[in-house]
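Take any residue in the sequence shown, count from 1 to its spot, add 75: that is its number in the numbering used here.
Before any comments, here is the structure.
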Amino acid sequence: MKLSDFKYNLPKPAIAKYPVSPRDKSKLLVLDKETGEMEDKKFSDIIDYMEKGDVLVVNETRVFQARLYGKKEKTQAKIEVFLLRELNKEDCIWDVIVDPARKVRIGNKIYFDNNLWCEVIDNTTSRGRTVRFNQPGNVFQAVEKIGFTPLPPYIKREPEPKDKETYQTVYAKVDGAVAAPTAGLHFTTKLLEKIKKKGIQIVPVILHIGLGTFRSVEVEDLTKHKMDSEYYEISPHSAEVINKAMMAKHNIIVVGTSTCRVLETSTTADGFVKPAKGWTDKFIYPPYVFKVTQKLITNFHAPESTLLMLVSALGDTDHVMKAYKKALKDKYRFLSYGDAMFIK
């Protein structure tokens with residue numbers, strides 16, 4: 076497959092700027108990966124595609140308020156600091172992106188509200204810096220009060236207070252993502268309760284989604300593309316529940332491309348899931364033989380994105396591209412705050 080196989084025209088009006096409310100009233104396009112047949116549904120209908128004994132796997136990463144605005148020591152120049160990931164908890168050392176980068180050098184201190192400040196200790200890329208924060212303990216808690224929601228770059232508006240809630244799954248637990256696992260944004264607490272009552276087990280994994288999820292692929296030959304590494308975890312309990320369901324021939328329904336990548340990273344040669352934690356740069360594109368993922372809940376993704384490639388690997392590229400064409404014609408809403416797709 077080549078990069079250009081995943082090209083399509085995405086008009087700006089099709090990109091959702093806000094989510095629907097309530098969450099589970101978004102549209103759902105159901106695609107049969109074998110036949111290419113499609114159905115138009117509401118997201119709350121997803122329960123009709125689940126049977127007792129099935130397992131629903133979710134990514135319980137939590138988006139933290141990663142965008143900070145501070146002032147440089149002495150000059151008081153306004154600096155945006157975008158937190159990427161924690162490198163060392165005890166020493167409060169982080170990877171960040173700064174803007175404007177030309178004003179930020181090693182040794183500079185940047186001051187924020189609530190007595191929080193950081194010192195630049197290294198340069199990583201043209202805009203990347205390594206910084207040390209002054210508050211020992213939990214930097215996540217400190218930035219929660221003063222930071223802003225890191226909305227995706229294609230949502231052309233400033234973050235609003237309600238984004239703190241809407242750009243977060245209802246089951247988010249573990250701080251670490253700078254982008255939401257968007258397929259999970261459609262679930263309400265009530266819908267999850269209904270799913271449990273039907274006899275479907277819900278098990279969590281973690282993948283802290285980084286900015287790499289928005290990075291464009293710049294090579295036509297996909298074998299030469301390198302994904303950013305992201306931290307993931309799958310617990311012994313989650314692995315056990317998934318493996319038992321697979322042995323009993325029940326469905327594994329995966330919520331989102333990030334969850335799919337965790338499961339496909341953590342499989343053994345015989346096709347079972349093993350407990351693990353670490354970093355993954357797994358890139359899934361056609362043709363790919365899925366070991367665990369059988370059915371996938373996902374959003375509509377950007378042209379030529381690694382997310383669209385993963386979805387095409389499961390749903391068949393021709394079927395998926397036809398589904399996207401139909402979704403655009405039928406006014407489905409695209410990208411993070413948009414509607415959902417279910418590949419069965």
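The beta-carbon is built from N, C-alpha and C at its ideal position, and this holds for glycine as well.
- Item | Neighbour-count burial assignment, residue 150, 16 or more Cβ in a 10 Å radius | exposed
- In the structure shown, what three-state DSSP assignment does residue 335 receive? helix
- Item | Distance CB(residue 386)-CB(residue 367) smaller than 8 Å | no
- Item | Closest residue to residue 306 among 325, 270, 252 (Cα-Cα distance) | 252
- Query: Which two residues bound the contiguous alpha helix (DSSP H) that contains residue 392?
  - Reply: Segment 392-404, the alpha helix (DSSP H) holding residue 392.
- Is it true that the CB of residue 203 sits closer than 8 Å to the CB of residue 140? no
- For residue 352, which of 344, 227, 304 has the nearest alpha-carbon? Selection 344, 227, 304 evaluated against residue 352 yields 304 as nearest (Cα-Cα).
- Task: Leaving out five residues on either side along the sequence, give the residues of the same chain with a beta carbon under 8 Å from the beta carbon of residue 189.
- Result: These residues qualify, in order along the chain: 217, 220, 221.
- DSSP state of residue 124 mapped onto helix, strand, coil: helix
- Query: Just the Cα atoms here: how many angstroms apart are residue 256 and residue 115?
  - Reply: 23 Å
- As assigned by DSSP and simplified to three states, the class of residue 207: Three-state DSSP puts residue 207 in a strand.
- Examine the Cβ distances between the region 155-173 and the region 191-206 and report whether three or more of them are shorter than 8 Å. In short, these stretches touch, since the Cβ pair count reaches three.
- Neighbourhood of residue 254 by C-beta, 6 Å cutoff - its chain only, sequence neighbours within 5 removed: 284, 288
- Message: With the cut-off set at 8 Å, would you say residue 258 and residue 128 are in Cβ contact?
- Response: No.
- Message: Across the region 234-252 and the region 387-395, are there enough close Cβ pairs to call them in contact, namely three or more that are closer than 8 Å?
- Response: no
- So what's residue 85 in DSSP terms, helix, strand or just coil? Three-state result, residue 85: coil.
- Query: residue 113 and residue 103 look like a contact to me (Cβ under 8 Å); what is the Cβ gap, rounded to whole Å?
  - Reply: Not quite, the Cβ-Cβ distance comes to about 11 Å (not below 8 Å), so this is no contact.
- Straight-line CA distance for residue 331 to residue 308? 15 Å
- Task: Tell whether a beta-carbon distance below 8 Å holds between residue 82 and residue 379.
- Result: yes
- Message: Pop quiz: residue 281 and residue 135 are said to be a contact at Cβ under 8 Å. What is the actual Cβ separation, rounded to whole angstroms?
- Response: 6 Å
- Would you decide whether residue 341 is buried or exposed? Buried here means 16 or more other CB atoms lie within 10 Å of its CB. By the 10 Å Cβ count, residue 341 comes out buried.
- Item | Helix, strand or coil at residue 140 [DSSP, three-state] | It is coil, neither helix nor strand.
- When 92, 335, 100, 85 are compared against residue 265, the one with the closest alpha-carbon: 100
- Item | Residues that DSSP places opposite residue 307 in a beta bridge | 282, 353
- Query: Do we get a CB-CB distance below 8 Å when we pair residue 367 with the residues of chain C?
  - Reply: Here there is only one protein chain, and chain C is not present.
- Would you mind sorting residue 298 into buried or exposed? The rule is 16 or more other CB atoms within 10 Å of its CB. exposed
- Mind listing, in chain order, the continuous beta strand (DSSP E) runs of no fewer than 3 residues lying wholly within the region 231-272? 249-252
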